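Heads up, the thing below is written out as structure tokens.
Protein chains in written order, with this note's numbering: chain A, 1 to 193; chain B, 194 to 525.
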């Protein structure tokens with residue numbers, strides 16, 4: 001039951017982009033087409049799930065053992081960056097198709113705050129390994145949901161008659177804020193009781 | 194004193210060791226992985242990729258320049274597959290790939306319509322989304338001629354090279370800037386943009402396949418199927434089908450006679466750039482071959498005598514130059 005709660009919380013209630021405001025850069029940058037937005041979402045899911053597990057292991061078996069909790073941030077960045085590099089190499093060798101699909105997005109997401117954010121939150125909430133994985137995947141699904149929805153809206157904005165002063169990024173930011181307000185509605189969900 | 198040493202030990206040494214250990218560990222893993230999982234890339238792929246324009250326009254039909262580079266090296270695509278790069282690029286690629294290049298004729302896109310707002314009427318006032326594809330859904334756009342350019346600039350926005358402008362309500366391609374990437378051809382809902390050889394300056398600017406009378410009622414400059422151009426062309430380069438003249442550019446010699454004959458001025462030709470043949474007297478041996486091949490009786494001269502071009506009759510079809518055995522002629 002707690003797992004479902006974590007999942008829904010990560011996707012809807014505490015949506016990474018629209019409630020926690022993490023990962024805004026790819027959210028605005030890679031959201032012009034639904035297709036690329038989906039690719040980005042896929043890459044984020046992949047990286048977040050892996051990074052959550054790896055950093056949890058590092059935290060529990062290295063940092064906690066040695067009482068080095070304060071090295072968390074720098075250690076996690078190290079882990080995430082190396083991990084993504086490694087995964088990129090493996091995918092390139094083993095599955096060229098997957099590499100083509102994720103290709104440019106993998107390095108893009110490596111240093112994103114959303115990934116670091118989810119790993120640190122996992123530790124703060126003192127989740128166990130399974131819950132960590134679920135939270136990582138949930139956060140990424142939430143990110144994917146938000147960016148795909150946003151891309152869908154932006155595709156329609158392309159042909160909409162927008163006042164000159166608002167064309168381009170201004171209207172995108174307004175749209176993002178409206179989307180954020182819409183997601184605020186989920187904060188009333190009582191799934192934690 | 195001893196206690197301080199221990200704190201120092203805990204406070205600096207362990208963290209350093211832990212972090213350095215992690216870093217070294219990941220470093221070794223990555224170094225190992227880069228060897229173990231190295232994908233062998235043909236060095237030519239990188240070279241070809243660098244040579245390609247890098248606009249990722251997709252005009253070649255592959256997913257961007259990376260895709261084409263791989264296809265060229267694999268042998269799936271010819272070195273002339275990039276419509277954008279032109280002759281320089283083909284030379285470079287030929288050097289990288291070690292093959293000889295065949296010369297390719299530069300092509301440009303042309304909008305096959307000249308019914309601008311002075312020539313063609315409007316059926317209704319269109320106030321919807323300013324996009325040809327949207328307007329197309331409302332009874333084929335507001336232009337009275339259903340074959341004509343809507344002029345709402347879908348092709349302009351599709352063009353990655355800024356080579357299309359809307360002039361007087363129709364799209365006009367800037368042939369200097371056009372790279373024949375074909376984005377506009379895909380974007381145009383009317384399908385009236387075509388790729389043609391850039392050197393051919395004569396063009397039929399109409400796509401209307403209706404009979405003459407109904408064409409006349411919608412546009413002043415439409416092709417009215419009079420077939421005067423077919424008769425005017427001495428080289429059989431005008432194909433007339435579906436009530437519409439079309440130039441076969443493999444036969445067209447740029448003589449512009451069809452454009453002179455066209456009563457509605459549907460056939461456009463840049464008369465200012467029309468050239469005349471010229472004979473170099475020193476080289477001419479008076480063989481009369483040029484005279485025999487001139488379709489316009491623009492060359493005079495006796496056998497064994499020097500030949501002369503009658504400038505008022507010469508239309509610049511350059512057929513004499515092709516036939517001259519002594520290479521004594523040129524276009525000026």
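Backbone N, C-alpha and C define an ideal beta-carbon position, used for all residues, glycine too. These numbers were taken from a predicted model, which means no experiment stands behind them.
Looking at C-alpha atoms only, which residue of A:141, A:1, A:64 and A:89 is the closest neighbour of residue 232 of chain B? Walking along the second chain from the start, residue 232 of chain B turns up at place 39. With distances taken between Cα atoms, residue 232 of chain B lies closest to A:89.
Could you work out which residues of chain A lie near residue 373 of chain B, taking near to mean beta carbons separated by less than 8 Å? Walking along the second chain from the start, residue 373 of chain B turns up at place 180. Residues of chain A passing the Cβ test: none, with the nearest at roughly 25 Å.
At a Cβ cut of 7 Å, what residues of the segment 336 to 354 of chain B count as close to chain A, listed as they run along the chain? none
Mind listing the chain B neighbours of residue 85 of chain A? Cutoff is C-beta to C-beta under 7 Å, in chain order. In the first chain, residue 85 of chain A corresponds to position 85, counting from 1. Those within 7 Å of residue 85 of chain A in chain B are 223.
Strictly below 9 Å CB to CB, what residues from chain B border residue 75 of chain A? Counted from its first residue, the first chain places residue 75 of chain A at position 75. What residue 75 of chain A touches in chain B: 211, 212 and 215.
Is there at least one Cβ from chain A nearer than 8 Å to residue 327 of chain B's Cβ? Position 134 of the second chain, counted from the first residue, corresponds to residue 327 of chain B. Yes, contact with chain A.
Can you find a CB in chain B that lies within less than 8 Å of the CB of residue 71 of chain A? Start at 1 with the first residue of the first chain, and residue 71 of chain A comes out as number 71. Yes, because at least one Cβ of chain B sits closer than 8 Å to the Cβ of residue 71 of chain A.
For my contact list, residue 445 of chain B and residue 506 of chain B are in at a C-beta cut-off of 8 Å; report their separation, rounded to the angstrom. Position 252 of the second chain, counting from 1, holds the residue named residue 445 of chain B. Position 313 of the second chain, counting from 1, holds the residue named residue 506 of chain B. Contact doesn't hold; Cβ gap of about 20 Å is too wide.
What does a CB cutoff of less than 8 Å around residue 214 of chain B pick up in its chain, not counting 5 residues either side in sequence? Numbered from 1 along the second chain, position 21 holds the residue referred to as residue 214 of chain B. Cβ neighbours of residue 214 of chain B beyond the five flanking positions: none.
Short check: CB of residue 469 of chain B to CB of residue 493 of chain B, under 8 Å? Here residue 469 of chain B is taken as the residue at index 276 of the second chain, counted from 1. Here residue 493 of chain B is taken as the residue at index 300 of the second chain, counted from 1. No, these two residues do not count as a Cβ contact at 8 Å.
Close Cβ partners of residue 426 of chain B (< 7 Å) along its chain, the five nearest in sequence each way excluded: In the second chain, residue 426 of chain B corresponds to position 233, counting from 1. Taken in chain order, the residues that qualify are 450 and 451.
Could you tell me which of B:397, B:447 and B:499 sits nearest to residue 306 of chain B, measuring between CA atoms? Locating residue 306 of chain B in the second chain gives position 113, counting from the first residue. With distances taken between Cα atoms, residue 306 of chain B lies closest to B:397.
With respect to the beta strand (DSSP E) encompassing residue 461 of chain B, which residues constitute its N-terminal and C-terminal limits? As a working mapping, residue 461 of chain B is identified with position 268 in the second chain. Unbroken beta strand (DSSP E) run through residue 461 of chain B: 460 to 462.
Closer than 8 Å to chain A by CB, residue 232 of chain B: Here residue 232 of chain B corresponds to residue number 39 of the second chain, with the count starting at 1. Chain A contact via Cβ: present.
Please state the DSSP three-state secondary structure of residue 501 of chain B. Residue numbering aside, residue 501 of chain B sits at position 308 when the second chain is read from its first letter. The answer is strand: DSSP assigns residue 501 of chain B an E or B state.
Since I believe residue 118 of chain A is in contact with residue 151 of chain A (beta carbons under 8 Å), could you give me their beta-carbon distance rounded to a whole number of angstroms? The residue given as residue 151 of chain A occupies position 151 in the first chain. The residue given as residue 118 of chain A occupies position 118 in the first chain. That belief does not hold up - the Cβ atoms of residue 151 of chain A and residue 118 of chain A are roughly 21 Å apart, past 8 Å.
Is residue 62 of chain A close to chain B, meaning its C-beta is less than 8 Å from at least one C-beta of that chain? Here residue 62 of chain A refers to the residue found at position 62 when the first chain is read from its first residue. So, interface residue.
Buried/exposed call for residue 252 of chain B, threshold 16 Cβ in 10 Å: Here residue 252 of chain B refers to the residue found at position 59 when the second chain is read from its first residue. Per the 10 Å Cβ criterion, buried.
So within the segment 200 to 285 of chain B, which uninterrupted alpha helix (DSSP H) runs reach at least 4 residues, ignoring any that extend past its ends? 207 to 229, 236 to 244 and 257 to 267
As assigned by DSSP and simplified to three states, the class of residue 287 of chain B: As a working mapping, residue 287 of chain B is identified with position 94 in the second chain. Note: residue 287 of chain B maps to helix in three-state DSSP.
Bridge partners for residue 300 of chain B per DSSP, in chain order? Here residue 300 of chain B refers to the residue found at position 107 of the second chain. BP columns for residue 300 of chain B point to B:390.
Proximal residues to residue 333 of chain B (C-beta, below 7 Å), its chain only, five neighbours per side dropped: The residue given as residue 333 of chain B occupies position 140 in the second chain. 339, listed in sequence order.
Backbone CA spacing between residue 462 of chain B and residue 300 of chain B [nearest angstrom]: Locating residue 462 of chain B in the second chain gives position 269, where the first residue counts as 1. Locating residue 300 of chain B in the second chain gives position 107, where the first residue counts as 1. The straight-line gap from Cα to Cα measures roughly 17 Å.
For residue 92 of chain A, go through chain B and note every residue whose CB falls closer than 8 Å to its CB, in chain order. Numbered from 1 along the first chain, position 92 holds the residue referred to as residue 92 of chain A. Here the neighbours are 230 and 232.
Contacting residues, own chain, Cβ-Cβ under 6 Å from residue 309 of chain B (five flanking each side not counted): Taking the first residue of the second chain as position 1, residue 309 of chain B is located at position 116. Excluding sequence neighbours, residue 309 of chain B sits near 361, 362 and 363.
List the residues that DSSP assigns as beta-bridge partners of residue 442 of chain B. As a working mapping, residue 442 of chain B is identified with position 249 in the second chain. Answer is none; residue 442 of chain B lacks a bridge partner.
Quick check on residue 127 of chain A: does DSSP put it in helix, strand or coil? As a first step, residue 127 of chain A must be located in the first chain, where it is residue number 127. Residue 127 of chain A: coil per DSSP, three-state reduction.
Measure the CB-CB distance between residue 106 of chain A and residue 11 of chain A and report whether it falls below 8 Å. Indexing the first chain from 1 puts residue 106 of chain A at position 106. Indexing the first chain from 1 puts residue 11 of chain A at position 11. Their beta carbons are not under 8 Å apart, which means residue 106 of chain A does not touch residue 11 of chain A by this criterion.
My output table needs one value for residue 313 of chain B: the three-state DSSP class, helix, strand or coil. One-based indexing of the second chain puts residue 313 of chain B at position 120. Reduced to three states, the DSSP call for residue 313 of chain B is strand.
Measure how close the beta-carbons of residue 154 of chain A and residue 32 of chain A come, nearest whole angstrom, since I'm counting them as under 8 Å. For the purposes of this step, residue 154 of chain A is taken as residue 154 along the first chain, with counting starting at 1. For the purposes of this step, residue 32 of chain A is taken as residue 32 along the first chain, with counting starting at 1. Correct: roughly 6 Å between the Cβ atoms.
Using a Cβ-Cβ cutoff of less than 7 Å, which residues in the same chain neighbour residue 71 of chain A once the five nearest sequence positions on both sides are dropped? Counting from one through the first chain, the residue named residue 71 of chain A turns up at place 71. Answer for residue 71 of chain A: 63, listed in chain order.
Taking only beta carbons into account, state which residues of the segment 448 to 472 of chain B come closer than 9 Å to chain A, listed in chain order. none
To the nearest angstrom, report how far apart residue 292 of chain B and residue 368 of chain B are at their CA atoms. Taking the second chain and counting its residues from 1, one reaches residue 292 of chain B at position 99. Taking the second chain and counting its residues from 1, one reaches residue 368 of chain B at position 175. Cα-Cα distance, rounded: 30 Å.
Only counting the same chain, and skipping five residues up and downstream in sequence, which positions put a Cβ closer than 7 Å to that of residue 285 of chain B? The sequence position of residue 285 of chain B within the second chain is 92, counting from 1. Excluding residues within five positions, the ones whose Cβ falls inside 7 Å are 244.
Under 8 Å Cβ to Cβ from residue 387 of chain B, same chain only, skipping five residues before and after it: list those, please. In the second chain, counting from the first residue as 1, residue 387 of chain B sits at position 194. Contacts found: 302, 303, 305 and 378.
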